[in-house]
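One structure is given below, encoded as structure tokens.
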Amino acid sequence: ILLRRRTRQDRLALIDVMEQIDTLQPLAPSALFQLAGLYQFVGDNGRARELLQQLINELPNDPEVRAEYVFSLINQQEPSKEELAEIDSNILHIERLLPNSYVAVTTRARFLHSQGRGAEAVPPIMQFIENLKSISPEQTLRLLIEQGKTEEAARMFSESLASTPGFTKHIK
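Here the sequence shown stands for residues 240 to 411, numbered as in our numbering.
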């Protein structure tokens, strides 16, 4: 209920509840990811970065966690040289995990934009959009599964089956 409410005070209350739960029983990675987002929302970027770094240690090949960590560093006024190196390292890791994916392209683009180099982000974004035009439904399904978006993949598969003539007469 608290998550549906959008005020800062509601988010602070939800943070308090989640922290209390965490003292009783460690939160699952998905809840920690949500908690990091709440910290970012209320402006506690340091605590958000700590949680995201913890999640990277627990889930080193999760591109969404790495991307969110990069965004937390980008959102600072002036990332240090060490943080810039960390940003680049995480973006390269995402690009190795999911080459030419939405998360890889947009994470790199947001970083370039934050550095005043937005024009460099345009060609990869345009190439990504162009590639989407030629992707088959099978490739789309495979990419969704590879990115852990199983609910979207299942919905797409179900819609595809439902639109296949004669398929429904074989299911009882």
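The beta carbon of each residue, even a glycine, is placed where N, CA and C say it ideally should be.
With burial defined as no fewer than 16 other Cβ atoms inside 10 Å of the residue's Cβ, what is the status of residue i: buried or exposed?
i: N329; result: buried
i: A324; result: exposed
i: I333; result: buried
i: V344; result: buried
i: R305; result: buried
i: T346; result: buried
i: I240; result: Low local confidence applies: a pLDDT of 49 at I240 is under 50, so the model's placement there is unreliable, with the coordinate-based value given in what follows. When all chains shown are included, I240 counts as exposed.
i: P376; result: exposed
i: L291; result: buried
i: R250; result: buried
i: I326; result: buried
Going by DSSP in three states, residue i sits in which element: helix, strand or coil?
i: S402; result: coil
i: S373; result: coil
i: D301; result: coil
i: V281; result: coil
i: R356; result: coil
i: T262; result: helix
i: R381; result: helix
i: L337; result: coil
i: S397; result: helix
i: G387; result: coil
i: S328; result: helix
i: P318; result: coil
i: R245; result: coil
i: A267; result: coil
According to the Cβ coordinates, are residue i and residue j closer than 8 Å?
i: L271; j: L294; result: yes
i: F367; j: N339; result: yes
i: Q386; j: L337; result: yes
i: R286; j: I313; result: no
i: L382; j: E391; result: no
i: Y308; j: R335; result: no
i: L266; j: L274; result: yes
i: P268; j: E297; result: yes
i: M395; j: L371; result: no
i: P299; j: V342; result: no
Count the C-beta pairs between the segment 354–362 and the segment 274–288 that are closer than 8 Å, then say yes if the count reaches three, no if not. no
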